[in-house]
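The sequence shown begins at 3 in this note's numbering and counts up by one.
Don't be surprised by glycine CBs; every beta carbon is placed ideally from N, CA and C.
Since the model is a prediction, treat every value here as computed from it, not as a measurement.
Single-structure report; data block below.
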Amino acid sequence: MKLDPAAVVSVESVSRLSTAQATQIRDRFDRLGFVVLRVPPSPQPRTEFLALSRYFGSIIHHEHSEADGIVPVAPLNHHPEYVNTTNKELLPHTDGSFALQPPKVVAMQCEVAAASGGLTTFVEAQWIYETLKQRDPEGLETLFRPDALTVKRSNRVATKPIFQRCSDRVEMVFRADSAARVTIAPPCVTAFETIKTLAQDPANQLCFQMQPGDIFVFDNTRILHGRTAFAEGDDRRLNRLWFDGKPEGEPLEFGFRDSFDRGFVVSGF
Ligand SMILES: [Fe+2]
Numbered sequence: 003m004k005l006d007p008a009a010v011v012s013v014e015s016v017s018r019l020s021t022a023q024a025t026q027i028r029d030r031f032d033r034l035g036f037v038v039l040r041v042p043p044s045p046q047p048r049t050e051f052l053a054l055s056r057y058f059g060s061i062i063h064h065e066h067s068e069a070d071g072i073v074p075v076a077p078l079n080h081h082p083e084y085v086n087t088t089n090k091e092l093l094p095h096t097d098g099s100f101a102l103q104p105p106k107v108v109a110m111q112c113e114v115a116a117a118s119g120g121l122t123t124f125v126e127a128q129w130i131y132e133t134l135k136q137r138d139p140e141g142l143e144t145l146f147r148p149d150a151l152t153v154k155r156s157n158r159v160a161t162k163p164i165f166q167r168c169s170d171r172v173e174m175v176f177r178a179d180s181a182a183r184v185t186i187a188p189p190c191v192t193a194f195e196t197i198k199t200l201a202q203d204p205a206n207q208l209c210f211q212m213q214p215g216d217i218f219v220f221d222n223t224r225i226l227h228g229r230t231a232f233a234e235g236d237d238r239r240l241n242r243l244w245f246d247g248k249p250e251g252e253p254l255e256f257g258f259r260d261s262f263d264r265g266f267v268v269s270g271f
């Protein structure tokens, strides 16, 4: 499925957003859980990217991030446990599932697009939740167990629910690839496998090709993201940032309400 143009906000510069542009970006993020900023390629892409902090909160550093917090996402040969640095398909997941506090907001910036493949894919957590609620409501409830999912990567490990209620909203954590060690509590296995099947079916994923300059920003508790494979040796370069989701001013809301309203962007499910 293709991305609806309504999810895309075109701006000249992230570091010089007008109030109307900032409001439009915030509106898309609130309504959809994500927004794609179409920004012309800049001579200072990192400065442009870092300017998002004003709208999405403080930058969270990662073991692979550089001094400013940006994590380069490009093929490398020496990080087999870190799938970002391969050219392989990346299955839908939320970031930081191995951390006790995963980032609330994730942003990806395209510097160089792959010649073919390397499409950004994503799936809405709310669609997964509502589908599971209809097919297997008891299985869905098991995923709220605090020991539902254990993810271990390198020397970091965390055990947590897959779905968690936060006041009137639901947030999701999900990972199911072989690069990290994922263990599922026995009562949760059936529902977990259903989610895997749903999320990994390309027919259920939205996908789009990021263009140089594009920034894809999303609620990491509401959107599962991934990418398709691309050719070995292809020069695909992205930058990634994690934010704590606490900007100054009006607080952001995370996750989704427990009643389905798809919004206006996705069709065809
Ligand atoms: Fe990721």
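Which of helix, strand or coil DSSP assigns to residue i
i: residue 230; result: coil
i: residue 16; result: helix
i: residue 154; result: strand
i: residue 41; result: coil
i: residue 27; result: helix
i: residue 130; result: helix
i: residue 3; result: coil
i: residue 88; result: coil
i: residue 21; result: helix
i: residue 53; result: coil
i: residue 191; result: helix
i: residue 136; result: helix
i: residue 171; result: strand
i: residue 101; result: coil
i: residue 46; result: coil
i: residue 224; result: coil
Residues of its chain near residue i, where Cβ-Cβ distance is below 6 Å and the 5 sequence neighbours each way are ignored
i: residue 268; result: Here residue 268 scores only 41 on pLDDT, less than 50, and its place in the model should not be relied on; the value that follows carries that caveat. Counting only Cβ-Cβ distances below 6 Å, and skipping sequence neighbours, we find nothing.
i: residue 2; result: Absent from the structure is residue 2, since the part of the chain shown begins at 3 and ends at 271.
i: residue 59; result: 245, 246, 247, 248, 249
i: residue 148; result: 163
Residue from the options with nearest C-alpha to residue i
i: residue 239; options: 256, 253, 215, 245; result: 215
i: residue 205; options: 126, 7, 47, 217; result: 126
i: residue 53; options: 88, 245, 258; result: 245
i: residue 150; options: 133, 157, 195, 220; result: 195
i: residue 250; options: 88, 209, 103, 55; result: 55
i: residue 11; options: 3, 28, 68; result: 28
i: residue 203; options: 92, 259, 161, 261; result: 92
i: residue 156; options: 167, 137, 181, 133; result: 181
i: residue 33; options: 242, 236, 234, 219; result: 219
i: residue 243; options: 97, 103, 137, 23; result: 97
i: residue 6; options: 213, 236, 209; result: 209
Where the beta strand (DSSP E) through residue i begins and ends
i: residue 146; result: It is not in any beta strand (DSSP E) - residue 146 carries neither H nor E in the DSSP assignment.
i: residue 72; result: Counting along the chain, residue 72 falls outside any beta strand (DSSP E), and DSSP gives it neither H nor E.
i: residue 113; result: 107-114
i: residue 219; result: 217-221
i: residue 183; result: 183-186
i: residue 210; result: 208-210
i: residue 121; result: Neither: residue 121 is in no beta strand (DSSP E) and is coded neither H nor E.
Neighbourhood of residue i by C-beta, 8 Å cutoff - its chain only, sequence neighbours within 5 removed
i: residue 277; result: Past the boundaries of the shown model lies residue 277; the chain is included only from 3 to 271, so the question cannot be answered.
Residues near residue i by beta carbon distance below 7 Å, same chain, minus five either side
i: residue 104; result: 96, 97, 98, 175, 222
i: residue 88; result: 77
Stretch pair the stretch 142-155 + the stretch 189-203: three plus CB contacts closer than 8 Å
Yes: the two stretches touch, three or more of their Cβ pairs being nearer than 8 Å.
Would you call the stretch 168-175 in contact with the stretch 255-262, where contact means no fewer than 3 C-beta pairs closer than 8 Å?
Short answer: they touch.
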